[in-house]
Each structure stands twice: as C-alpha cells, then as structure tokens.
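Only one structure is covered here, and it is reproduced in the block below.
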Amino acid sequence: MSKYQIAVVVGSLRKDSFNRKLADAIVRLAPPEFSFQQVQINDLPLYNQDDDANQAESVKRLKNEIKSAQGILFVTPEYNRSIPGVLKNAIDHASRPYGQNVWAGKPAGVIGISIGVIGTAMSQQHLRNVLAFLDMPTLGQPEIFIQVKDGLFNEAGSIGADSKQFLQNWMDKYCAWVKKHAAG
Ligand SMILES: Cc1cc2nc3c(=O)[nH]c(=O)nc-3n(C[C@H](O)[C@H](O)[C@H](O)COP(=O)(O)O)c2cc1C
32 MSKYQIAVVV GSLRKDSFNR KLADAIVRLA PPEFSFQQVQ INDLPLYNQD
82 DDANQAESVK RLKNEIKSAQ GILFVTPEYN RSIPGVLKNA IDHASRPYGQ
132 NVWAGKPAGV IGISIGVIGT AMSQQHLRNV LAFLDMPTLG QPEIFIQVKD
182 GLFNEAGSIG ADSKQFLQNW MDKYCAWVKK HAAG
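Here our numbering is used: the first residue of the sequence shown is 32, the next is one more, and so on.
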C-alpha cells in the first residue's frame, strides 16, 4: 500500500466529464508513494439534517474514505460561477453531524477544467471558502485554471506534451503539501 492515500472528489457526474479525465490524468504525474482513489458521490442522498443520527450507508462509506485518506484532491467544474450542487452535497454530508467533520485537518488541493475562458476560477474560489470553514489546509499556489483545448490529453488519456510541465509542477507542490501536513 502506498504511504500516502489521496481521496479524489470529482464534482461532475457526467459520463464524459473533462474533470474526471483531468483527475485520471494528473494522478499519473505523482510519485509511487502516492495512490489516488476517486470517491463515489453519485449515490449520496440529498443532505437532510434530520438524518444526521442515522446516516445512509453511502454517507458512512464516504466518511470512512475521507477519514482514512492522508489528503484530498478536489477536481471540479464551475456551474453558474460556483461549485456544482453534487459536490456541495458530498461536502455537507461528510461535515456532519456537528462535531464529526471528517474533512478537518486534511490537506487539500483544488483544480478544475471548464469550457469557459476563466477555467473554473470562480468555482475554485467558492470552494476555497468552504474548505477554509471546514478547517482544511488548502494549497494556495500554484493555481490551476484550465480551459478545454485540443491536445490537453493525449491518446492514452495522459496530459499532453504542451501542458505536462505545468501540471507536473502543480503535482510536485501538492505532494509536498500533503507530506508536510501528514507529518504534522
Ligand atoms: C449547470 C451548468 C452551469 C455551467 N456554468 C458554467 C460556468 O459558470 N462557468 C463555466 O466556465 N462553465 C460553465 N458550464 C459549462 C461547463 O464548463 C461544462 O459543462 C463542463 O464540461 C463541465 O465539466 P465536466 O465536463 O467535468 O462535466 C456550466 C455547465 C452547466 C451544466
């Protein structure tokens, strides 16, 4: 088992999601001591505070996956200048019941890809606000705002040559961030 296990939360349920493709591709740039597992969020019920004392099995599963991870990687689209509801729903579930927020203290990275020219900048900024409240140390720099372009992914689904160094630099910084916080 890898020394550092990272839970990857993709904020799109779409079959051909660019964000999922980005998540699949960027994790290939990490060193072998890191492993990445996408968490499932499409079977979570809509969050209802009445259920806090009796959380669904899918919610318990999500919380366990977050608890056992050494870091979290959020890869999210921008929906109407914010984060998608499905992502917020997952975040809310794992933050409750009150006092049992499993996100707390987990080092996080935030990236995203969009067809729009600002490349999820607003969405990421909203997400950072939420993560700050949840007490997650979140990598500040470098930022990654990607617009969908031909050649971003090669035929094998990896990051294409033109963007590889940029994303490699981000992954190197993210891994160092996780190590720093996992050690502390
Ligand atoms: C409800 C909705 C709202 C959207 N709002 C934005 C937006 O605010 N900014 C943007 O750049 N793209 C927006 N888009 C376009 C997304 O960038 C595009 O659908 C993208 O492919 C979504 O990510 P995915 O491929 O991972 O599903 C929106 C799409 C949907 C479905």
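Think of the CB as a built atom: it goes at the ideal place given N, C-alpha and C, for glycine as much as any other residue.
Handout entry: Identified DSSP bridge partners for GLY143
Key = PHE176
Practice task
Following the continuous alpha helix (DSSP H) through LEU198, name the residue where it begins and the one where it ends.
Solution key: Looking at the DSSP string, the run of the alpha helix (DSSP H) that includes LEU198 is 192–214.
Handout entry: Contact test: TYR110 Cβ vs ligand 1 heavy atom, cutoff 6 angstroms
Key = yes
Exercise for the section: Compute the minimum distance between the beta carbon of ILE146 and the heavy atoms of ligand 1, and state whether it is under 6 angstroms. Expected result: The nearest non-hydrogen atom of ligand 1 is less than 6 angstroms from the C-beta of ILE146.
Exercise for the section: Compute the minimum distance between the beta carbon of ASN120 and the heavy atoms of ligand 1, and state whether it is under 6 angstroms. Expected result: no
Problem - Where the beta strand (DSSP E) through PHE67 begins and ends - result: 65–69
Practice task
Say whether the segment 189–204 touches the segment 112–126, bearing in mind that this needs 3 or more beta-carbon pairs closer than 8 angstroms, one atom from each stretch.
Solution key: no
Exercise for the section: Taking only the alpha-carbon atoms, compute the straight-line gap between GLN71 and VAL40 and give it to the nearest angstrom. Expected result: Approximately 8 angstroms between the Cα atoms of the pair.
Exercise for the section: May I ask you to check if the CB of ASN73 is nearer than 6 angstroms to at least one heavy atom of ligand 1? Expected result: no
Problem - Test item: CB-CB of VAL117 and ALA125 under 7 angstroms - result: no
Problem - Collapsed DSSP secondary structure at ILE114 in the structure displayed - result: coil
Practice task
May I ask which residues mark the beginning and end of the alpha helix (DSSP H) holding VAL161?
Solution key: 152–164
Practice task
Flag this pair as yes or no: are the beta carbons of PHE176 and GLY150 separated by less than 7 angstroms?
Solution key: yes
Exercise for the section: Consider the C-beta atom of PHE49 and the heavy atoms of ligand 2; say whether any pair is separated by less than 6 angstroms. Expected result: Summarising the ligand content, the structure contains ligand 1 and does not contain ligand 2.
Exercise for the section: Would you decide whether LEU162 is buried or exposed? Buried here means 16 or more other CB atoms lie within 10 Å of its CB. Expected result: buried
Handout entry: Contact under 7 angstroms by Cβ, ALA84 with ALA38
Key = If you check the CB distance, ALA84 and ALA38 do not come in under 7 angstroms.
Exercise for the section: State the start and end residues of the unbroken alpha helix (DSSP H) segment that holds ALA54. Expected result: 49–57
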